[in-house]
Every structure is written in structure tokens, then in C-alpha cells.
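Trainee:
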Amino acid sequence: MNNRNKKASGENSVAAIRREYIESMERQEKKKRAMKIRLYRRLALFAIAFVLVMGSLIFTLINQKKTLAIKEQKKIELTQKLSDAQDQQEELKIQISKLNDDNYIAKLARKELFLSEKGEIIFSIPENTEKDEKNGKSKE
Numbered sequence: 156m157n158n159r160n161k162k163a164s165g166e167n168s169v170a171a172i173r174r175e176y177i178e179s180m181e182r183q184e185k186k187k188r189a190m191k192i193r194l195y196r197r198l199a200l201f202a203i204a205f206v207l208v209m210g211s212l213i214f215t216l217i218n219q220k221k222t223l224a225i226k227e228q229k230k231i232e233l234t235q236k237l238s239d240a241q242d243q244q245e246e247l248k249i250q251i252s253k254l255n256d257d258n259y260i261a262k263l264a265r266k267e268l269f270l271s272e273k274g275e276i277i278f279s280i281p282e283n284t285e286k287d288e289k290n291g292k293s294k295e
């Protein structure tokens, strides 16, 4: 019987060792699974953060491009207005210089106001219109 007890206790110790080994392996597997799950969660969190940051950067870029296009359009319009104002200023400077000339003022007064010097007679001839020109050509 002693042999049987020894055999039985030997089997129990082997079974106990195997059971401990299996439990330790199961614990290691659980740790590995838990680490994988944590890794996937961290990766998912970083991916979400990356997508949010990239989305906000792209959104900002698009808004800045729209704003830039609007400002470029305004710049073109204002440049055109500036060019027109400079042209008008040049015309006004020329007109001022002409108005400072006495001969030009006398010529303008004769033309517009029909003023004359002593001994002059002014004849007003109407300007030809396109209709008069067509009639004149057809009569000839």
C-alpha cells in the first residue's frame, strides 16, 4: 500500500505542478492579451488624435485659402480703383494747367459762351450728326 500511496502522492505532485504551470501560462496569456488590448486602445487614441489634428489643420488651410482668394480679389479691385484715380488726377492736373493759361480760357469762352473780342463776329455752325452725314452722302 505504501507503494500505492507513494504513487498516488507522486501523481498528485505532478498534477499540481502541471496545474501551476498551466495557471501561470494562462496568467501570462491574460497579461499578453491585456497588453495587446492596451496597445490597440493607445493606437486607436493616437489615431483619433491624429485625425482630429489633421482635420483641424486642413480646415484651417481651406479657410485661409478662401480668405486669401477674397483678399486677392479685393486687391485687384482696389488696384483698378487706384489706377482710375491716378488717371483722373493726371487729367485734372492737365485741366488745371490749361485753366491757368489765359489763351485757353479765352478760347474756351469763345467756344462755350460765344464771347467775342471787339470787331469779331461769331457764327454758330451746328455739328453734323451721323444722320446728316448719311443724308449728305446719299444726295451727292
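Under my numbering, the first residue of the sequence shown carries the number 156, and numbering increases by one thereafter. Every residue, glycine too, gets a C-beta built ideally from N, C-alpha and C. Predicted model only: the values in this text are computed from it and were never measured.
Suppose only complete runs of 4+ residues qualify. What are the alpha helix (DSSP H) ranges in the segment 227–274, listed by chain order?
Mentor: Here the runs fully enclosed are 257–268.
Trainee: Under 7 Å Cβ to Cβ from residue 271, same chain only, skipping five residues before and after it: list those, please.
Mentor: By 1-based counting over the sequence shown, the position of residue 271 is 116. Result list for residue 271: 265 and 277, in chain order.
Trainee: Going straight from the alpha carbon of residue 238 to that of residue 227, what length do you get?
Mentor: As a first step, residue 238 is located in the sequence shown; it is residue number 83 there, counting from the start. As a first step, residue 227 is located in the sequence shown; it is residue number 72 there, counting from the start. Taking the straight line joining both Cα atoms gives about 16 Å.
Trainee: For a test of the three-state rule: what should DSSP assign to residue 211, helix, strand or coil?
Mentor: Residue mapping note: residue 211 aligns to position 56 of the sequence shown, counting from 1. Three-state DSSP puts residue 211 in a helix.
Trainee: Quick check: the Cα distance between residue 207 and residue 177, rounded to an integer number of angstroms?
Mentor: On the sequence shown, residue 207 is found 52 positions in, with the first residue counted as 1. On the sequence shown, residue 177 is found 22 positions in, with the first residue counted as 1. Cα to Cα, the separation comes out at about 44 Å.
Trainee: Nearest-angstrom Cα distance between residue 233 and residue 240?
Mentor: As a working note, residue 233 is residue 78 in the sequence shown. As a working note, residue 240 is residue 85 in the sequence shown. Between residue 233 and residue 240, the C-alpha separation is close to 10 Å.
Trainee: Can you grab the Cα-Cα spacing for the pair residue 214 / residue 186, in whole Å?
Mentor: What you label residue 214 is simply residue 59 of the sequence shown in a count that begins at 1. What you label residue 186 is simply residue 31 of the sequence shown in a count that begins at 1. About 41 Å.
Trainee: State buried or exposed for residue 295, treating a residue as buried only when at least 16 other CB atoms are found within 10 Å of its CB.
Mentor: Locating residue 295 in the sequence shown gives position 140, counting from the first residue. Note that residue 295 scores 47 on pLDDT, short of 50, meaning its location in the model is unreliable and no value can be drawn from it.
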